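Participant: Note that the numbering used here numbers the sequence shown so that position 469 is 490, with each residue one more than the last.
Backbone N, C-alpha and C define an ideal beta-carbon position, used for all residues, glycine too.
A quick note: this is a predicted structure, and the numbers were derived from the prediction, not measured.
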Amino acid sequence: MLLKYYSLPLAYASLSLAVPLIRTRAVSELNQDAFKEAHKRDDSATRAFTNSQLQTSDGRCVFIDILSGDFRANLLPLQVGACGSTDGEGWDVITKGIHNDQAGQALVVSSLSNGCVSFDPRRTADQVHVFSCGGRADGGGQVSNSQLFAFNSTSKSVTLSLVPDNQAGSCLTVNGDRVQIANCQDGNKNQQFTFTGTSPSKGASSSSASSSSSTAASSATTAAEDVKATGDATPCAAASTVTETATVTVTVTDSKAAESTTSAAASTTSAAASTTSAAASAAASTAAAEGINTANIPTANPTSAVPVSRAGGTLVPTAVAESHQFDNTAKRAFTKASIKAPDGRCLFIDPTAGDFRENLIPVQLAECSGSPNEQFDLITAGKHNNQPGNTLIVSSLTNGCISFDPRRPADDQVTVFSCGGRADGEGQTDSAQLVPFTRGNTFVWAPVGARNESCLVAGGNGRVVGANCDNSADQVFTIVQ
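1) Would you kindly work out how many angstroms separate the C-alpha atoms of F369 and D376, rounded to a whole number?
2) Excluding sequence positions up to five away, which residues of its chain have a Cβ less than 6 Å from the Cβ of D5?
3) For the alpha helix (DSSP H) holding F56, just list the boundary residues, first then last.
4) Just how far apart, CA to CA, sit D79 and Q126?
5) By a C-beta neighbour count over all protein chains shown, 10 Å radius and 16 as the cutoff for buried, is Q434 buried or exposed?
6) Quick check: S153 and G160, are their CB atoms within less than 7 Å of each other?
7) Terminal residues of the continuous alpha helix (DSSP H) containing S344?
8) Using the three-state DSSP reduction, which class does A94 fall into: helix, strand or coil?
9) So, is T296 buried or exposed, given that buried needs 16 or more other C-beta atoms within 10 angstroms?
10) Could you name each continuous beta strand (DSSP E) segment of 3 residues or more that falls completely within the stretch 178-215, going from the start of the chain to the end?
11) Whole angstroms are fine: how far does the CA of Q408 sit from the CA of N204?
12) Using the Cβ count rule (16 or more neighbours within 10 Å means buried), how would you classify T243?
13) Can you round the beta-carbon distance between V101 and V179 to whole angstroms, since I take them to be within the 8 Å contact cut?
14) In this structure, what does DSSP give as the bridge partners for H150?
15) Tell me whether the beta-carbon of G136 lies closer than 7 Å to the beta-carbon of V151.
16) Output the distance between the C-alpha atoms of A292 and V200, rounded to the nearest integer angstrom.
17) Return the chain-ordered ranges of every beta strand (DSSP E) run that is complete within the stretch 396-454 and spans a minimum of 3 residues.
18) Nearest CA to the CA of Q206: which residue from V184, T219, G197 and T217?
19) If we call anything under 7 Å between Cβ atoms a contact, is V130 one with I202?
20) Is the beta carbon of I414 sitting closer than 7 Å to the one on V437?
21) Taking all protein chains shown into account, do 16 or more other C-beta atoms lie within 10 angstroms of the C-beta of Q74, making it buried, or fewer, making it exposed?
22) Over the uninterrupted beta strand (DSSP E) stretch that includes D491, give me the two end residues.
23) Using a threshold of 6 Å, is the CB atom of Q449 nearer than that to any non-hydrogen atom of the ligand ZN?
Dropping the structure here:
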């Protein structure tokens, strides 16, 4: 069943009700640098709705609590509660923009956090959630079909079923106080949602939406203070549940009088790499070109909150432990081996050169010394490799996998990232991390996800970079045990 939509003029009588509002919070505050990098408002986008309520068939509103996910405000579950009782119930519908280049499709974007409603079938819980638009935790993604929903309406109010583009036949479904996923069923009212065109009575207004990063940051700070006051949450603690009972008066008028839309020229930008990441990349490239000062780089994996180069500014050890878990089940062709580039230098990892999860660490080149920073495992089967004839190249120091992402800036496409391709460690197998390999001690580094179009080589900037495959000796790496 494809998305169904209906044009309806809606009028609700004014009513008062007292209901408990359940908020599940996983963090007490956001990492502001990481949040701002991951969730940037697309001012070039075309919006069918701006800061609209998204109502369920029983008149409640879908909302987010910005502290219910991780420290970037990713993985926020979609909750349902009384309209007007929270600041997270505003939604934009983007029909064209940096993260949506598909005609007839729309992104459903939180007006508070600028994150996109996403469906991820790989997760075991909260498969429906708000995540950085483009599908990359750090905000560097472009377009993800897990965030696109069929949409083709110019009405001031629209009722529809939301069918993720990556899961035909499944609909977002209200289940108690959460939005989840279920098989689409004709006439199922729990699968009908209405964009009213009415701005929430609390939260960011249309005029403040253009600066919603600061609005969300302010909300997050206030919310964090609220949580601390209750004594129900501490930084990095397990999720806690805060129950608030509020008596609210909800007044919704004819939606025809409440249209709030904007239209802007669509951006044709082909990449969504963040300014922060680009600046860090440029700085790291300059340092690499001048040579790696390995004497100042830790040879043990940090276990405390040390400074890091990319977003976040400081390592978060609990997040690192979650993202990079050692696979005890894996089959290893090599353990703690060095990998030599064709120019004789060895691959080298600085555990403090990435973000606060130890993701996005550039793969550098250094004179071979046998340092732990130069040691790698080659995993031919395991939790994150179910493809015979291929291998993962895993840092023995951090347990992260070397990945190739052509969407990133040219000198920053080869990095160490959480195995499985999910920033939080919940991914399974990612073809961007797999390399054809069966036996021997040499190989051409042709990432499976690149389909033999790109091979990794020693770049002139002191890093491993991507290039066109040419079957030359300059693209052959050697494993040294």
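Facilitator: According to the data block:
1) 17 Å
2) This structure does not reach residue 5, given that the chain is present from 22 up to 502, and the question cannot be answered.
3) Q53 to A59
4) The straight-line gap from Cα to Cα measures roughly 26 Å.
5) buried
6) yes
7) P338 to S344
8) coil
9) With a pLDDT of 34 at T296, under the threshold of 50, the modelled position of this residue cannot be trusted, and the question is left open.
10) 179-181, 191-196 and 199-204
11) 30 Å
12) In this prediction, T243 scores a pLDDT of 37, lower than 50, which makes its location untrustworthy; the coordinate-derived value is nonetheless stated afterwards. Per the 10 Å Cβ criterion, exposed.
13) That belief does not hold up - the Cβ atoms of V101 and V179 are roughly 19 Å apart, past 8 Å.
14) DSSP lists P98 and S139 as partners of H150.
15) With contacts defined as CB atoms closer than 7 Å, G136 and V151 qualify as a contacting pair.
16) Because A292 sits at a pLDDT of 32, beneath the cut-off of 50, its placement in the model cannot be relied upon, and the following sentence gives the value as read from the coordinates. Spanning the two alpha carbons is a distance of roughly 31 Å.
17) Counting only runs of 3 or more, we get 397-402, 411-416, 422-425 and 435-438.
18) V184
19) no
20) No; because the gap between Cβ atoms is not below 7 Å, this pair is not in contact.
21) Residue burial is scored here from C-beta neighbours: Q74 has at least 16 other C-beta atoms within 10 angstroms and is therefore classed as buried.
22) No beta strand (DSSP E) holds D491; DSSP gives it neither H nor E.
23) By its list of ligands, the structure shown contains no ligand whatsoever, and the ligand ZN lies outside what it can speak to.
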